[in-house]
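Engineer: Before anything else, here's the structure in question.
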Amino acid sequence: MSGKRFWLILGGLAAVVFTCNAAHSNQQIIFFREYVPIATNLLNGSGYSILPHQPVLYPMWGYSLLTVLALTTGYSLIFLGIFQAILSLVTIRAFYRLFRLEKKYWHIPLFIPFITLLSVRWPDAIVASMLVFALMFFVSSIQKSSNKYAFYSGCCLGLICNFRSEYLGLLIILALVMTVSLLRRDIAQMKVTLITVLTSLFLLLPWAIYSYSIDKHVRVAATNGGGVFYISLGQLPNNPWHITHSDSTAFTESHLNGIDDPYSPRGDSLLTSEFVSDIEKFPASFTKKIAYNLLSTVYRGVYTGEFVNITLDSAAREAFLGSITSGNISQDISRLSEFRFVTIIVFAIQQFIHIFFIPIFDLLILLTIIYCWKYLRKSFLLKVVLIVLLYKFALVGLVQYEPRHMNAIYLLVLGTALLYVQNRKGQTLTSG
953 MSGKRFWLIL
963 GGLAAVVFTC
973 NAAHSNQQII
983 FFREYVPIAT
993 NLLNGSGYSI
1003 LPHQPVLYPM
1013 WGYSLLTVLA
1023 LTTGYSLIFL
1033 GIFQAILSLV
1043 TIRAFYRLFR
1053 LEKKYWHIPL
1063 FIPFITLLSV
1073 RWPDAIVASM
1083 LVFALMFFVS
1093 SIQKSSNKYA
1103 FYSGCCLGLI
1113 CNFRSEYLGL
1123 LIILALVMTV
1133 SLLRRDIAQM
1143 KVTLITVLTS
1153 LFLLLPWAIY
1163 SYSIDKHVRV
1173 AATNGGGVFY
1183 ISLGQLPNNP
1193 WHITHSDSTA
1203 FTESHLNGID
1213 DPYSPRGDSL
1223 LTSEFVSDIE
1233 KFPASFTKKI
1243 AYNLLSTVYR
1253 GVYTGEFVNI
1263 TLDSAAREAF
1273 LGSITSGNIS
1283 QDISRLSEFR
1293 FVTIIVFAIQ
1303 QFIHIFFIPI
1313 FDLLILLTII
1323 YCWKYLRKSF
1333 LLKVVLIVLL
1343 YKFALVGLVQ
1353 YEPRHMNAIY
1363 LLVLGTALLY
1373 VQNRKGQTLT
1383 SG
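Taken in order, the sequence shown gives residues 953 to 1384; the numbers are from the numbering used here.
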């Protein structure tokens, strides 16, 4: 097949997805009320703060600094869109290198969930891309005993943790891998793993120094963890804690305890303590919450865009969302007739894409499990992929699930599933 034609078609798909999802609303309150003010204050010399000269320890500064770069261009939204569109294509190129797959035209539509994730202004986009590069470099560092690739892998992991703190656990896992390598006297593997971990930690050192400058505490994570833990209990319907899965819940609880900001160091400590206390009170319900979150990944799938927003202004968007969430299907259908025909058509396409990719994602997970079961001992790549998947599902179960959280591992399960299909067709197994 023509490589140029493949990338031309894929680039066209990316252009369509980014354009149609340009009016996305998911997490955009956070972008415009946190990332943009922080970036603006940094440029104005007012510090890393949402309100001038009031330093914050949430969010992590990865996406804030990217937003700073975007603001300097004078066309911040366009810059972020173009940057993340290019990143999506570069990452897919790395995806084919990581899994050593032969490019096929029928692969192209399967990239829609990943491209859609990259089309949104949020740190998840950068994290999902860097995760592919981190794995690619780490696998190469082990296979080739390469310090250079270990350094590159550490840089990618360090960047990931500067965008989202929940991936710090991967460094702990790598430390365990290093320990096992030492016990097995595999000095080469221990050395490259150590380089990866130390490089990642070095990139987190600026945040640790910044944190110490604020309240004399060394941290390598943002201070929203307690709030996320606490409100995640609200994902269980009819939960015994009477918690609603909403940021407002974290604010209410912190205010009741005399703390203005739940994402401040004091708020983080309080809500973490409340989270642990609530689990101790109802451990069985917490187990149900874990099961509920994991089950949600099966029937809710991945994030696939909000294309209907491009046909509506902000006021009409709220009215439209209200018209399709009453819970009464016949009532919802009748209310849709109040909107333009193009809005209804785009919404139908949006829903079709989302529903289509739910069983697709489930199938990819199933094929990944089957392939890992058969070839895990033969492939270091599969071992790494499996560890990342188990870690991600553990996070989703123990903490919280939203469709976008699963997009981070979408390319990993897609690559493994396609490798399985390629192997089944009798082609050369090159999983590494």
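Beta carbons: idealized from backbone N, C-alpha and C, even for Gly.
1) Measuring alpha carbon to alpha carbon, tell me which residue in Glu-986, Ser-1016, Pro-1011 and Leu-995 is nearest Ile-1002.
2) Would the stretch 1364–1378 and the stretch 1332–1345 be scored as touching if the rule is three or more Cβ pairs under 8 angstroms?
3) Buried or exposed: which applies to Tyr-1251, given that a residue is buried once 16 or more other Cβ atoms fall within 10 Å of its Cβ?
4) So what does DSSP say about Pro-1007, is it helix, strand or coil?
5) To the nearest angstrom, how far is it from the Cα of Leu-1208 to the Cα of Val-1336?
6) I'd like to know whether the C-beta atoms of Ala-1360 and Asp-1138 end up nearer to each other than 8 angstroms.
7) According to DSSP, simplified to helix, strand and coil, what is Ser-1001?
8) Three-state secondary structure (DSSP) at Phe-1291?
9) Just checking, does the stretch 1228–1241 make contact with the stretch 1168–1187 on the three C-beta pairs under 8 angstroms criterion?
10) Go ahead and pull the three-state DSSP assignment for Arg-942.
11) Quick one: grab the DSSP three-state call for His-1207.
12) Determine the burial state of Gln-1352: buried for a count of at least 16 other Cβ atoms within 10 Å of its Cβ, exposed for fewer.
13) By Cβ distance, which residues of its chain are closer than 6 angstroms to Leu-1363, with the 5 residues on each side in sequence left out?
14) So Gly-1179 and Pro-1214 are supposed to be a Cβ contact under 8 angstroms. How far apart are they, rounded?
15) Which runs of the beta strand (DSSP E) spanning at least 3 residues fall entirely within the stretch 1017–1078, listed in chain order?
16) I believe Gln-1303 touches Gly-1257 by the beta-carbon criterion, under 8 angstroms. Please report the beta-carbon distance rounded to the nearest angstrom.
17) Grab the span of the alpha helix (DSSP H) containing Gly-1257 for me, first residue to last.
18) Am I right that Thr-1019 and Val-988 are in contact with their C-beta atoms under 8 angstroms? What's the rounded C-beta distance?
19) Under a three-way DSSP split, which group does Leu-1264 fall into?
20) Below 8 angstroms, how does it come out for the stretch 1048–1065 and the stretch 1302–1319: are there three or more Cβ pairs, yes or no?
21) Starting from Tyr-1101, follow the alpha helix (DSSP H) in both directions and report where the run begins and ends.
22) Can you have a look at Asp-1220 and say buried or exposed, based on whether 16 or more other CB atoms are within 10 angstroms of its CB?
23) Please tell me whether Ser-1117 and Met-1012 are closer than 8 angstroms, where the distance is taken between their beta carbons.
24) For a quick check, are the C-beta atoms of Thr-1151 and Val-1129 less than 8 angstroms apart?
25) What are the complete alpha helix (DSSP H) segments, minimum 4 residues, inside the stretch 1161–1221?
26) Using beta-carbon positions only, say whether Phe-1154 and Gly-1110 come within less than 8 angstroms of one another.
27) Is DSSP giving Ser-1331 helix, strand or coil here?
Structural biologist: Quick answer:
1) Glu-986
2) yes
3) exposed
4) strand
5) 44 angstroms
6) no
7) strand
8) coil
9) yes
10) Nothing in the structure corresponds to residue 942, since the chain is present only between 953 and 1384.
11) helix
12) buried
13) Phe-1047, Phe-1066 and Val-1084
14) 5 angstroms
15) none
16) Between Gly-1257 and Gln-1303 the Cβ distance is about 11 angstroms, and since that is not below 8 angstroms, they are no contact.
17) Counting along the chain, Gly-1257 falls outside any alpha helix (DSSP H), and DSSP gives it neither H nor E.
18) 6 angstroms
19) coil
20) yes
21) 1099–1115
22) buried
23) yes
24) no
25) 1177–1184 and 1199–1208
26) yes
27) coil
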